[in-house]
Every structure is written in C-alpha cells, then in structure tokens.
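Novice: Chain order of the listed sequences is S and C. Under our numbering, read the first sequence as residues 1 to 403, first letter to last. Under our numbering, read the second sequence as residues 1001 to 1403, first letter to last. I am attaching a structure below and will ask some questions about it afterwards.
Number of protein chains: 2
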Amino acid sequence: MSLIVQKYGGTSVGNPGRIKNVAARVKRFREEGNQVVVVVSAMSGVTDGLIKLAREVHAAPDDREMDMLLATGEQTTIALTAMALHGMGVKAVSLTGAQAGIVTDGVHTKAKIANITPKRIHELLKEGNVVIVAGFQGADEAGHITTLGRGGSDLTAIALAAAIKADLCEIYTDVDGVYTADPRVVKAARKLEEISYDEMLELASLGAKVMQSRSVEFAKKFKVVFSVRSSMNDNPGTIVKEETRKMEDVVIRGVSADKNQAKVTITQVPDKPGVAARIFKAIADAHVNVDMIVQNVSASGHTDMTFTVGKDDLPKARKVIEALAKEVGATGFACTEGIAKLSVVGIGMRSHTGVAADLFEALAAEKINIQMISTSEIKISVIIDLAHADRAVNAVHKKFGLG
Amino acid sequence: MSLIVQKYGGTSVGNPGRIKNVAARVKRFREEGNQVVVVVSAMSGVTDGLIKLAREVHAAPDDREMDMLLATGEQTTIALTAMALHGMGVKAVSLTGAQAGIVTDGVHTKAKIANITPKRIHELLKEGNVVIVAGFQGADEAGHITTLGRGGSDLTAIALAAAIKADLCEIYTDVDGVYTADPRVVKAARKLEEISYDEMLELASLGAKVMQSRSVEFAKKFKVVFSVRSSMNDNPGTIVKEETRKMEDVVIRGVSADKNQAKVTITQVPDKPGVAARIFKAIADAHVNVDMIVQNVSASGHTDMTFTVGKDDLPKARKVIEALAKEVGATGFACTEGIAKLSVVGIGMRSHTGVAADLFEALAAEKINIQMISTSEIKISVIIDLAHADRAVNAVHKKFGLG
C-alpha cells in the first residue's frame, strides 16, 4: 500500500465528463489498495471567467478580494470530484486549501506556503477516504484566503506530498511527460524516463511549459520525487528526482527553444562600477524579468551590454532604457524582436567536455548565426534568429543523439 | 451614527451592473456616517447552475459536498461587491460565513446557526470598512462548510444584526414591502408601514413569499427590528417588529390567498384514540407537510377527516392514504385539487369580535362557498374554490377596509 498524491490540472477536470474520468482513475489507484490525496485545479476557463467578472466591477481589483473570488474555482472542482467518486462507490471528502491545513504568508495572489498541518488529511485517509484538496490556495495566519499564483496547484501537490511523506506524487497534465525536445518541432523527440530537478528547472524556465520553476524548486528542496504524466492515457510519464550517478552518463538531457524572446543592446556603455547595477535596478523596478545578460570585455573603457526579456515586456524595457541610456553615458541602444533562445541542458555537461563545441558545430553546419552565448553549469544557451529556431532544434537534437 | 445590516438577494446582485448599484446604495449609507455590514446572496441563477453541474456528476449528490459547492456562489458575490465598493472609493472587506464567525450545527444543506462570534466584523468596522458577509453559509465546530437552506441569507442578516447589536436591519428584495394583499390581485392593496412578527409569520407561511418563516421567527426570538424594502427604489418599505399597543387597533393586517393547495378527505374514520396519530405519522414519514387539518364532532362513532397539503405533495399523500384508509377502518377517501386557502391575519383579532362573521359575510355576498374553516389566535383561514380566489381576496380586502 502506497500513499499517493495526484494532481489534475484544469484541462483534466474541464467538464463533468472529464471529472468522472479523473474519478475513475483515482478509483483504480484506490482499489489497488493505495491511499490517495487528489489535488485539483479550477475547471479550465473558470478562472478566466471570474477574472472577467471582476474586471466588470473594477478595472484593477484588490488582491485580497481577487483571491477570495478565484478560490471559488478550485472549491467548485473539489466538491464535484468528491461527488463523482461517491457516484462510483468510493469514499471521498473535499477540503479547501485552508481546511487542508495549508498556511501561507499574506501576499495575496502570489502567496508562499509557510507550513502545512496535515492532521485532518491523515484522519480522513485513516477513515478510508480519498481526500480531495483544492490546489492553488491556502489561508494566511489570520485566516484570509490566499492564492499561490501561477503553477500554484502543482505547488500544492508537491508541498502536500512533502508534508504527508507521500510515497509517490503524480502531476497529471495534458502532455505525456518531459521530452528531449518539443515533439511538435522535433519528430524524433523522445520522452525521458527520468530527469534531475536541476535539469527540469532549466527546462521549466526554458519554455518546456510542463511546470513552473517554483514547484520544481520546492520539490528539490524537500526531495519530493514526482512524475509528470498524462491524464488522457496510461503511459508512464517522466520521473523527476535527485540526480543519480547514472544520470551523469547522459551529457545532454534535452534541447529547447524559447521563441518568446526580445533583445535589448545598449551600445558603448562606460565600463565602470555601478553602471550595470543602475540599469538593471531600473529594469527591475519596472517589473520586467531579465533573462540572459551578456557583457563582453571592454575596449577603450566602453562596452556593449545586451540582455533579453520576454517579448511582451519589451515595450516596458524600451521605455526604461530610453530614459536611462543617455544618463549612463551610452551612445545609443537597439531593441530587437524576432529572436529565439536555444538551450541544451544536462547535468552530464559538468563532467563532459566539448559540449559547447558540438553545439556550435551543429549550428554552423546549418549556417545559423549565433548572436549571443550564455552558459551555466548544466546549460548552454544561444540566441539565434527566430526564423531558424525549429531547424536549429532539430539539428542540435540530432547532433547530441537525443532521438 | 448607526450600525446597519443590509441584506441583498440574488436578483439585487444578479449581474455586475446590479452589484455596482448595490455598492452605490451602500456608499450612500456609509457617507451618512453609518457603519454598514452587507449580507449578499449568490447572483441569481448561479446556485441553480451549480446544482445542475452537481447533478451531471452524481444524481443525488452528498449533502456535505453540496454545501462545499454551493458556498462558492455567495463567496463570488462578496468578492465582487467588495471590489465594486473599492471602485467607488469605499473601504470594504469580504468575509465568508465561516470567516464572519457564523458557527452552525453540522446538518448540511439545512444547518441551524449555533452561535456567532462577531469579533472580526467589529474589528473591520472599527478600521472603517464596510464588511461584506456571505449569506446562506457558515461552518460547523469542526470547520466543515455548511449552508442554511432556503431563506438562509435573510437568516444570516437577522442573526448578524442580533449578534452585533445593529441599530437597523434592512432586507432588500424585489418587492417594496409587505402589502395588505398581493398587489397583482388587489389593485387597492396598500403597503404596510409596520407589521408585528406574528402577523409577518402568518403571512410568510401563507404564500406572501416575502420571507421564510424561520428568519422571522429568529428575529422575533432575538427582538431584531428589520425592514423589508426594495433595492430598486428608495421607498421606505415595511418595518417588522414586536407588536405595540397601537397595532392592536388594526383588526386585520392583511389578506392572502395560497393557491398551491390540495385537499384530502378520509370518510367515515372510526372516532377512537390513535387513528389520527397513525394517519399523520404515516404522512409525516412520507415527508409531506400538512397544512390545515379539520375534523368535526363524530356521528355514530365515525367522522370525516380532511387535511390540506401543498399541491406538489398530493401524489405522495394519495399513496400513503391509499395504503392506510382501509387499514384504519375508513370507508373511503377523496383527493381534490383546484382549491385555495384564503386567510385574514391580524393581532387585533384577539381583542375584537366578529371578525369571522365579517369574513363569512363577505364571501357569502359573493356567493362563494366555504369548504373548510380553520382558525388560530391571529388568523382565520378558509378553503374555497380556486376559481374564486382572486374575487374572494378583493371582496375580503374591501370588507375589512384595508385599501
């Protein structure tokens, strides 16, 4: 008998029929003698509908009230999921985030989980219930309802798995698992059996879109082994866990392309202490997330500084730099769209040489120019022309023998 | 400065525009220097939509999960109402029933309020907030979400008014107040300035439909003075309170007709102890609510027994009596639809004579036959042919000078 946490996303519980499918799956696990805790999201479309309603009464609704409103989405799903299980003869009880003992800080719409008191969950499991917990939500110390922000339901599942010491945590989604590359782009892409937290983190932040980084970070911190799998079939999915020695034998775990990038170059920035700080402080104050930053050694006391941001953030970034470029003594600046970031990720990189060379060779063979390069311990990223992105991913995927 | 509780029903908060109207009204009261606690129902249609969803996953959903589901309706409205107030520059905070300190028993879908701890409401009021409380819901001692059943939001408002010792409790609805008769039937019907709890109770149970009896009973028990008024205009409404000496001068407060009645007569029932008990126990076991019961003195040890039930319950009642009539020694039974119950209500009746005579005269003058008569301390009810109901109400209304 295992204690299992399963998380089902909004698409998996998108209508009554799908909720029944989820219930049938849960029932199977239960009948195999397992104890099951189910975390569910709001039915797909519900959260957007609530946001629309809110906007109709206030253009910029208060965060606390937004949480009060949005929390009803998951509360609806847990009740329906419990009912569906009852309909199949399975004992089940639903719990809101607060009832499940999920205590967060008081930062509405993006709360952090402070602690979990799973007493009630344990009691209900002991009585033979499947426990259905509302994802994405909790309550702060004062009892205000909070939500965890993007990817919050994954976080709920992983945090609960840690708190109740689950044997297994399954993240059900609409993809089969984590692939060596986006299967829509690379036909030879292969589903990974397993991947380390760090690799998953690099991929999560790279547009693999399977999960938000914070959930993976949380899992890494509390050593929660979890699998990513599809709620539409019985394929085994990908297991995400601490790295093993065996994992290091694989140099590159996967290759991804983030097509949602834009580039800002500030030319001839005086190369002296405090200039970079000033620029990026201003960018941060405008709530723009900077991804890559590249600065080369300076010639004659000046240097070009380039950074990338999400395409949507480019107007905000442009505004900041427009105001600041002259001020810091730069000669000018340029904003470029139409770029993509290609990355190869793998913990094996640490103990293998020549990865960068192989990557550059693969691109050169395709006559694809590299605009920027940035490396971390387990990742190499290059900025290339957006038009070449898919071709580049295929070439690199093949070069590293990922198929 | 007064402390006011205002309750707005589902129609009053039926869409974002109406929620803004409610907010505008609340703002006015607030700007006059009052402290305001607002109780809201689910937006009209929302509860029905949720029930429909539930039925799609389970034909007979569990009561606890139904409460979990339905409670989201009011939670949505409180958040939107708070946002609308913010939009008008009014400080406001929403609270679920549980957060507002409303503790109920554990009887899901028809919980009773056990106690209210209004500490949080007082704190929020003190900080200058309008406090928006979700009607219809609470939580039991163990923290399970409960709902109060039909008319639950009125009950929330009145119970809160009692708990926080409000100076005024206003029940906003889609009618202007309590009338001497249904204005759609009697053109001369007049809105009452005030009415006693007992009179309101008799009217509430008579199809006046303004409020459920339990809310009025609660108000009577805790001496909560409240007014019933429209959220669509600024008319003053009707004040419901303890009877005053002045009220007794008015013999009849109002006249109503309940057209939703059916009649069951059991003929020649043996007139001996235990027979009536047996019949009405069986009826109660079938969850049929009996309204009037009439039994006359017996002749030759047998008597006819007649009772009325809601029209919808007639098939169930028929089934019970079919099985039971022979068993108790009756010679037969008859079920009749097409009847109406006309009632006159007034606490003045207690100290005035001749009310029954006046009522019967009014009907006789219209050649309307009386099929059954039943009286209580402050009410006389007669069963008449449904076809004559409207004409009868007009005649009686005129006879007692209610116009």
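Cβ atoms here follow ideal geometry from the backbone N, Cα and C, with glycine treated the same way.
Curious, which full-length alpha helix (DSSP H) runs of at least 4 residues does the stretch 51-95 of chain S contain?
Specialist: 63-87, all fully within the stretch 51-95 of chain S.
Novice: Note down, in chain order, all residues in the stretch 87-110 of chain S with a beta-carbon under 8 Å from any beta-carbon belonging to chain C.
Specialist: Gly87, Val93, Ser94, Thr96, Gln99
Novice: Less than 7 Å separating the Cβ of Ile384(S) from some heavy atom of the ligand GDP?
Specialist: Here there are no bound small molecules, and the ligand GDP is not part of this structure.
Novice: So, does the stretch 1221-1232 of chain C touch the stretch 1168-1184 of chain C, judging by three or more C-beta pairs under 8 Å?
Specialist: By the Cβ test, the stretch 1221-1232 of chain C is in contact with the stretch 1168-1184 of chain C, since at least three Cβ pairs between them sit closer than 8 Å.
Novice: Locate the alpha helix (DSSP H) running through Glu1337(C), then write down its first and last residues.
Specialist: Numbered from 1 along the second sequence, position 337 holds the residue referred to as residue 1337(C). Careful: Glu1337(C) lies outside any alpha helix (DSSP H), inside the beta strand (DSSP E) at 1332-1345.
Novice: Quick check on this structure: which residue in Ala181(S), Asp271(S), Val393(S), Glu202(S) has the alpha carbon closest to the alpha carbon of Val297(S)?
Specialist: Numbered from 1 along the first sequence, position 297 holds the residue referred to as residue 297(S). For the residues Ala181(S), Asp271(S), Val393(S), Glu202(S), the minimum Cα distance to Val297(S) belongs to Asp271(S).
Novice: Taking only the alpha-carbon atoms, compute the straight-line gap between Lys341(S) and Asp304(S) and give it to the nearest angstrom.
Specialist: For the purposes of this step, residue 341(S) is taken as residue 341 along the first sequence, with counting starting at 1. For the purposes of this step, residue 304(S) is taken as residue 304 along the first sequence, with counting starting at 1. Roughly 19 Å between the two C-alpha positions.
Novice: Does Gln445(S) come within less than 8 Å of chain C when only Cβ atoms are used?
Specialist: Lying before the first or after the last residue shown, residue 445(S) is absent from chain S, which here runs from 1 to 403.
Novice: So, for Asn1129(C): in the same chain, excluding its five sequence neighbours on each side, which residues have a beta-carbon less than 7 Å away from its beta-carbon?
Specialist: Position 129 of the second sequence holds residue 1129(C). So the list reads Lys1091, Ala1092, Val1093, once near-sequence residues are dropped.
Novice: Since Ala1054(C) contacts Met43(S) with CB under 8 Å, what's their CB separation in whole angstroms?
Specialist: Walking along the second sequence from the start, residue 1054(C) turns up at place 54. Walking along the first sequence from the start, residue 43(S) turns up at place 43. So it is not a contact: roughly 13 Å between Cβ atoms.
Novice: Where Gly348(S) and Gly9(S) are concerned, what is the direct C-alpha to C-alpha distance, given to the nearest angstrom?
Specialist: The sequence position of residue 348(S) within the first sequence is 348, counting from 1. The sequence position of residue 9(S) within the first sequence is 9, counting from 1. Cα to Cα, Gly348(S) sits roughly 32 Å from Gly9(S).
Novice: Can you name the residues of chain S whose CB is closer than 8 Å to the CB of Met1305(C)?
Specialist: In the second sequence, counting from the first residue as 1, residue 1305(C) sits at position 305. Simply none; closest approach about 42 Å.
Novice: Excluding the 5 residues preceding and the 5 following Pro16(S) in the sequence, name in chain order all residues of the same chain whose CB lies nearer than 6 Å to its CB.
Specialist: The count along the first sequence starts at 1 and reaches residue 16(S) at position 16. Cβ neighbours of Pro16(S) beyond the five flanking positions: none.
Novice: Helix or strand or just coil, what does DSSP make of Arg18(S)?
Specialist: Here residue 18(S) refers to the residue found at position 18 when the first sequence is read from its first residue. Three-state result, Arg18(S): helix.
Novice: Which residues, taken in chain order from the stretch 1133-1161 of chain C, show a beta carbon closer than 7 Å to some beta carbon of chain S?
Specialist: Gly1143
Novice: Determine the chain S residues that contact Glu1056(C) at a beta-carbon separation under 7 Å, and present them in chain order.
Specialist: Indexing the second sequence from 1 puts residue 1056(C) at position 56. Correct list: Pro16.
Novice: Mind listing which residues of the stretch 1066-1080 of chain C have their C-beta closer than 9 Å to chain S's C-betas, in chain order?
Specialist: Met1066, Asp1067, Met1068, Leu1069, Leu1070, Ala1071, Thr1072, Gly1073, Gln1075, Thr1076, Ile1078, Ala1079, Leu1080
Novice: Could you compute how far the alpha carbon of Gly1207(C) sits from the alpha carbon of His1287(C)?
Specialist: Translated into the one-based positions of the second sequence, residue 1207(C) becomes position 207. Translated into the one-based positions of the second sequence, residue 1287(C) becomes position 287. Per-residue confidence for Gly1207(C) stands at a pLDDT of 48, beneath the threshold of 50, marking its modelled position as unreliable; the derived number appears in the next sentence. C-alpha separation (whole angstroms): 20 Å.
Novice: For the stretch 1125-1206 of chain C, which segments carrying the beta strand (DSSP E) assignment without a break, of at least 3 residues, lie completely within its bounds, in sequence order?
Specialist: 1130-1134, 1137-1140, 1145-1147, 1168-1173, 1194-1196
Novice: Tell me, which residues are paired with Val264(S) by DSSP?
Specialist: The residue you call residue 264(S) lines up with position 264 of the first sequence. Paired residues: Phe307(S), Cys335(S).
Novice: Once DSSP output is grouped into helix, strand and coil, what is the label at Leu324(S)?
Specialist: As a first step, residue 324(S) must be located in the first sequence, where it is residue number 324. Helix.
Novice: Are Ile1336(C) and Lys1263(C) touching if we call contact CB-CB under 8 Å?
Specialist: Position 336 of the second sequence, counted from the start, is the residue given in the question as residue 1336(C). Position 263 of the second sequence, counted from the start, is the residue given in the question as residue 1263(C). One point to set straight first is that residue 1336(C) is Thr, not Ile, in the sequence displayed. Yes, the Cβ-Cβ distance between Thr1336(C) and Lys1263(C) is below 8 Å.
Novice: Considering only the alpha carbon of each residue, which of Thr1096(C), Ala1364(C), Ala1142(C), Asp1291(C) lies closest to Leu1160(C)?
Specialist: One-based indexing of the second sequence puts residue 1160(C) at position 160. The candidate whose alpha carbon is nearest that of Leu1160(C) is Thr1096(C).
Novice: At the 8 Å Cβ level, is Ile1051(C) part of the contact set with chain S, yes or no?
Specialist: The sequence position of residue 1051(C) within the second sequence is 51, counting from 1. Closer than 8 Å: no.
Novice: Using a cut-off of 7 Å between C-beta atoms, extract the partners of Pro1061(C) located in chain S.
Specialist: Residue mapping note: residue 1061(C) aligns to position 61 of the second sequence, counting from 1. Near Pro1061(C) (Cβ distances below 7 Å), the residues of chain S are Met83.
Novice: Taking just the CA atoms, how far does Pro236(S) sit from Pro1065(C)?
Specialist: Locating residue 1065(C) in the second sequence gives position 65, where the first residue counts as 1. Locating residue 236(S) in the first sequence gives position 236, where the first residue counts as 1. Residue 1065(C) is actually Glu in this sequence, not Pro. Going from the Cα of Glu1065(C) to the Cα of Pro236(S) covers about 32 Å.
Novice: What separation, rounded to the nearest whole angstrom, lies between the Cα atoms of His1397(C) and Arg1245(C)?
Specialist: Taking the second sequence and counting its residues from 1, one reaches residue 1397(C) at position 397. Taking the second sequence and counting its residues from 1, one reaches residue 1245(C) at position 245. Whole-angstrom Cα-Cα distance: 23 Å.
Novice: Between the stretch 1011-1035 of chain C and chain S, which residues of the former have a C-beta closer than 7 Å to a C-beta of the latter?
Specialist: Pro1016, Ile1019, Lys1020
Novice: Counting only the same chain and skipping the five closest in sequence on each side, list residues whose C-beta sits under 7 Å from that of Thr1353(C).
Specialist: Taking the second sequence and counting its residues from 1, the one referred to as residue 1353(C) is at position 353. Excluding sequence neighbours, Thr1353(C) sits near nothing in its chain.
Novice: Once the 5 residues before and after Leu192(S) are set aside, which same chain residues still bring their CB inside 6 Å of it?
Specialist: The residue you call residue 192(S) lines up with position 192 of the first sequence. Val178, Thr238.
Novice: DSSP three-state label for His1397(C), please.
Specialist: Walking along the second sequence from the start, residue 1397(C) turns up at place 397. Residue state, collapsed to three classes: helix.
Novice: Starting from Ser1227(C), follow the alpha helix (DSSP H) in both directions and report where the run begins and ends.
Specialist: The residue given as residue 1227(C) occupies position 227 in the second sequence. Counting along the chain, Ser1227(C) falls outside any alpha helix (DSSP H), though it belongs to the beta strand (DSSP E) covering 1226-1230.
Novice: Anyone know if the C-beta pair for Leu1314(C) and Ile1279(C) falls short of 8 Å?
Specialist: Here residue 1314(C) is taken as the residue at index 314 of the second sequence, counted from 1. Here residue 1279(C) is taken as the residue at index 279 of the second sequence, counted from 1. Their beta carbons are not under 8 Å apart, which means Leu1314(C) does not touch Ile1279(C) by this criterion.
Novice: Identify whether Ala1111(C) lies in helix, strand or coil by the three-state DSSP scheme.
Specialist: Walking along the second sequence from the start, residue 1111(C) turns up at place 111. Ala1111(C) falls in the coil class under three-state DSSP.
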